[in-house]
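Inspection log for the structure reproduced underneath, given as structure tokens.
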Amino acid sequence: MVIASVGAGLGLMITSLTSHWLLGEVNLWFVAPMGASAVLLFGLPNSPLAQPWSIVGGNLVAGVVGVTIALLVPHAALACGIAACLTIALMFQLRCLHPPSGAVALTAILGGNGVQQLGYHFILTPVLLNSVCLALLALVFNNLAGRRYPHPLAATEIKAPPVVIDVPITREDLHQALESGEVLDIDEDDLQQLLQRAEEIAILRQRGQMPVSS
Numbered sequence: 001m002v003i004a005s006v007g008a009g010l011g012l013m014i015t016s017l018t019s020h021w022l023l024g025e026v027n028l029w030f031v032a033p034m035g036a037s038a039v040l041l042f043g044l045p046n047s048p049l050a051q052p053w054s055i056v057g058g059n060l061v062a063g064v065v066g067v068t069i070a071l072l073v074p075h076a077a078l079a080c081g082i083a084a085c086l087t088i089a090l091m092f093q094l095r096c097l098h099p100p101s102g103a104v105a106l107t108a109i110l111g112g113n114g115v116q117q118l119g120y121h122f123i124l125t126p127v128l129l130n131s132v133c134l135a136l137l138a139l140v141f142n143n144l145a146g147r148r149y150p151h152p153l154a155a156t157e158i159k160a161p162p163v164v165i166d167v168p169i170t171r172e173d174l175h176q177a178l179e180s181g182e183v184l185d186i187d188e189d190d191l192q193q194l195l196q197r198a199e200e201i202a203i204l205r206q207r208g209q210m211p212v213s214s
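The letter at position 30 of the sequence shown is residue 30 when you use the UniProt record's numbering, and the numbering goes up by one with no holes.
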């Protein structure tokens, strides 16, 4: 908890100072959704939602969609709904889902005259600049703190050899495991259900039966 808090604070401070130094006082140099991004990158660095491609790709998509919809749809409420819908769909398609990006899209619509005057430049500065700075700082800080970041995609990660567990795992064991390691976005009930499902699949595999995907 302390590591995440310190990391997020440092990340936001350095990102804002760097952006302000590069863009100057008269320009829009920082966007509020970076605060939510920092929670993910430093608080849940193992989450797929917190990986570098998620924040950079997600915020780029959101910026493009938000600015485009703001130019095409004059009604703010309608524009927000369309922008959120398209942003989420594209992030799923591009595998860069990042919840704070939804706020980036809305900022492009509701940010006022300063954002509207920037037009598509809003995507590069400050959105892309802020996103890249924060992602790089998360990369450095998390690894210095002994936290693996970024996490490789499941398809490219080197798989460890299978481990056979002959000792029954209790709920208390799950609780201790979750408390003693890196913060995971999963609770004991979900983890227990996952283990039970894995056990069922293993039994079917041993019997030569193919598990049915739900």
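C-beta atoms are modelled at their ideal positions from N, C-alpha and C, and glycine is treated no differently. None of the values given here were measured: they were computed from a predicted structure.
With a contact defined as Cβ atoms closer than 8 Å, SER37 and PRO126 miss out at about 13 Å. If one requires a minimum length of 4 residues, the alpha helix (DSSP H) runs lying completely within the segment 51-133 are 52-72, 76-94, 100-110, 113-118, in chain order.
Annotation: the continuous alpha helix (DSSP H) that includes TRP21 extends over 2-23.
Counting the other CB atoms within 10 Å of its CB gives TYR120 a total below 16, which places it among the exposed residues. PHE141 carries a helical assignment under DSSP once its states are collapsed to helix, strand and coil. For the pair of segments examined, the segment 8-22 was found to touch the segment 41-58: the number of CB pairs separated by less than 8 Å reaches three.
GLY7 places its beta carbon less than 8 Å from that of PHE141. Here the C-alpha atom of ALA79 lies approximately 38 Å from the C-alpha atom of MET1. For ARG148 and ASN46, the gap between their C-alpha atoms comes out near 8 Å.
In the three-state DSSP reduction, GLN209 falls in the coil class, being neither helix nor strand. When DSSP states are grouped into helix, strand and coil, PHE42 belongs to the helix group.
Closest option to VAL64, judged by alpha-carbon separation, among ILE3, VAL132, ILE123, ASN143: ILE123.
One Cα belongs to GLN117, the other to ALA198, and the distance between them is close to 54 Å. The distance from the Cβ of VAL26 to that of VAL104 is about 22 Å, inconsistent with a contact at the 8 Å cut-off. Per DSSP, reduced to three states, the secondary structure at ALA32 is coil, with no helix or strand assignment. The residue among LEU134, THR107, GLY35 with its C-alpha nearest the C-alpha of THR87 is THR107.
8 Å or more divides the Cβ of LEU137 from the Cβ of PRO99.
LEU17 has its alpha-carbon roughly 14 Å from the corresponding atom of SER131.
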